[in-house]
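Residue numbers (the numbering used here): 31 to 216.
In this text, a Cβ means the ideal position worked out from N, Cα and C, and glycines have one as well.
Because the structure is a prediction, the values reported are computed rather than measured.
Please read the structure below before turning to the comments.
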């Protein structure tokens, strides 16, 4: 008996796809396709709308991984806020609705090479990291609000607070810039 057959009989779920795993792969392929269309389309508004599809696909992936809290944060923050902000920015700056020759720098092949190299490096690092990672199934689910909050505020307190100070500085800067402009206009 070969090593793979021995491993398959030792673990009944080894390489046997379930419905959730098949759905995960299909949603992943659709999300990857939407992301590719996002970066290859020449119309900026269409790119922003395809970004909604790609980020929504990531939220579905989080749901399939039973990380409901992270999925809803993804929908609320990225799909609901960032993309809407991006669309408002495109509309208020009078960005061209049709194809934009200014957005096409002609370096598509170089960008494709860098993107493929970065994706390969990321896949290699993630696969290598998960070879020795074991999930502890005791306690609350890892995607729950309790587990996420406990992990965030135990291990990532300083970066979390630094991010909050950075966001506060950006908010104060936006208020100061808007007040100076309104005084100049009046």
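Query                                                                                                   : Result
Alpha-carbon to alpha-carbon, residue 57 and residue 90                                                 : 7 Å
C-alpha gap between residue 207 and residue 200, whole angstroms                                        : 10 Å
Where residue 205 falls, given that 16 or more other Cβ within 10 Å makes a residue buried              : exposed
Residue 78 and residue 116 closer than 8 Å at C-beta                                                    : yes
Check whether residue 65 and residue 53 have beta carbons under 8 Å apart                               : no
CB of residue 81 within 8 Å of CB of residue 120, strictly                                              : no
Continuous alpha helix (DSSP H) stretch holding residue 107: start and end                              : Run containing residue 107: none; DSSP gives neither H nor E here.
Beta carbon of residue 86 nearer than 8 Å to that of residue 103                                        : no
Selected residue, minimal CA-CA separation from residue 51, among 95, 69 and 76                         : 95
Sequence-distant residues of its chain with Cβ nearer than 8 Å to residue 190 (five each side left out) : 182 and 183
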